[in-house]
Every structure is written in structure tokens, then in C-alpha cells.
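In our numbering, the protein residues as written are 0 to 198.
Yeah, the Cβ is synthetic: ideal placement off N, Cα and C, and Gly gets one too.
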């Protein structure tokens, strides 16, 4: 593309189109989200309070300083201590990382329980692609739990912690998906072949 006025205008139009497409995709993803997120304004206010801490910061340091703070989502209210693991093994690089941890409270509570349970098992952490798979599995369970009253989240979280205590290691991403899928089938929820929990 030539570097002239027409070429620059076309590049600007393409960039604007890509931004609109990204915004629409993000909005559609949020519409499918089974759990309402914490209000953006409240999250921004919380992130401002976090900036008073020195980062990187451990979960223990964050809970010690801001654990009492309440975050509202819909009719529910959660304290930061319910959503952030109280452990020195979980380190947050900056306030944005903490914001991501707390923005989906039901998933955050499940992840917190698992991360805290790994403290008792040497050389075990929930991180990287395994953590991403766990979070996605929990989000998919929430879609079903809207009907079955959060049972799946508790069942699968308890199972992960039990496996960790018995075997000294966290189940892999395929294993947690398989266990979540079993819960769904046991409760009469049919899973399609193309769904995340069908494994």
C-alpha cells in the first residue's frame, strides 16, 4: 500500500473497523457470561486503592491490606479476602492482575480454594495454561449452575482438592473438564459434542 494520503486513510479505516469488531466480540462474550461482572466503576475504584500497595505483591499482602473491602456484584457483596488467595505463593505483578482475579467472584472463590490448598503440597502451583483451563471450566459450569444452584462449582472444586491431597498433584486440564462433564451428565444436563466439557 503506497504511503500517501489515500493509503494512510485506508489504514486508519481498517484499524477502526478492527477496533469495532473487537468491541462487538467482547460485548457478545459478556452477554453470554453466566455471572455478572463487578461494575467497571467499582473495579476502577478498587484498582486505585490497590495502587497504594507496593507491587509485585503476594496474596497475603493484598488480603492483609484490603481484605475487608467489599465489592458488589448484583445483589451480592464479596470481601476481597473471599476472592484473593491468602498465600505467599500467589504473586500479583500489578493492580490489573488483582482486578482480573476478582472480577468474576464465583470463579475467583473456587480458584482461591485451590490455590490455598496447593500451599500444603510442595512444588505445586496452579498457573499458566492449567489455570486458564480451570477458569474456563468453572465459567462453563456456571452456565449450568444457573439452573442447578452452584452445585457443580462446589463438587468440582472439592474433587480437585481431594485429588491434590491424595495424589500430591493437581489434575490436568482434560481431567477437570472430564469431571465437570460427568457432573453435568449426572445432573441430567446434556452436553453437545462441540462443547468445552465434552471430553
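Beta-carbon gap between residue i and residue j smaller than 8 Å
{"i": "residue 138", "j": "residue 106", "result": "yes"}
{"i": "residue 169", "j": "residue 141", "result": "no"}
{"i": "residue 81", "j": "residue 55", "result": "no"}
{"i": "residue 160", "j": "residue 116", "result": "yes"}
Reference residue i; option with closest CA among the options
{"i": "residue 172", "options": "80, 164, 185 and 155", "result": "155"}
{"i": "residue 163", "options": "44, 113 and 80", "result": "113"}
{"i": "residue 218", "options": "102, 176, 62 and 54", "result": "Residue 218 lies beyond the stretch modelled for the chain, which goes from 0 to 198, so this question has no answer here."}
{"i": "residue 176", "options": "127, 151, 40 and 165", "result": "151"}
{"i": "residue 46", "options": "97, 74 and 12", "result": "97"}
{"i": "residue 188", "options": "143, 166, 167 and 178", "result": "143"}
{"i": "residue 174", "options": "108, 39 and 158", "result": "158"}
{"i": "residue 182", "options": "153, 192, 50 and 166", "result": "153"}
DSSP three-state assignment for residue i, whether helix, strand or coil
{"i": "residue 45", "result": "helix"}
{"i": "residue 133", "result": "helix"}
{"i": "residue 182", "result": "helix"}
{"i": "residue 70", "result": "strand"}
{"i": "residue 126", "result": "coil"}
{"i": "residue 76", "result": "strand"}
{"i": "residue 119", "result": "coil"}
{"i": "residue 57", "result": "strand"}
Sequence-distant residues of its chain with Cβ nearer than 7 Å to residue i (five each side left out)
{"i": "residue 180", "result": "190, 196, 197 and 198"}
With 16 other Cβ atoms within 10 Å as the buried cut-off, status of residue i
{"i": "residue 4", "result": "exposed"}
{"i": "residue 44", "result": "exposed"}
{"i": "residue 9", "result": "exposed"}
{"i": "residue 121", "result": "exposed"}
{"i": "residue 95", "result": "exposed"}
{"i": "residue 48", "result": "exposed"}
{"i": "residue 30", "result": "A caution first: residue 30 carries a pLDDT of 43, below 50, which makes its placement in the model too unreliable to give a value."}
{"i": "residue 119", "result": "exposed"}
Sequence-distant residues of the same chain with beta carbon closer than 6 Å to residue i, five excluded per side
{"i": "residue 57", "result": "87 and 90"}
{"i": "residue 76", "result": "69"}
{"i": "residue 37", "result": "70, 72 and 102"}
Cut-off 8 Å between Cβ atoms - residues of its own chain near residue i, not counting five sequence neighbours on either side
{"i": "residue 110", "result": "84, 100, 125, 130, 133, 134 and 137"}
{"i": "residue 59", "result": "85, 86 and 87"}
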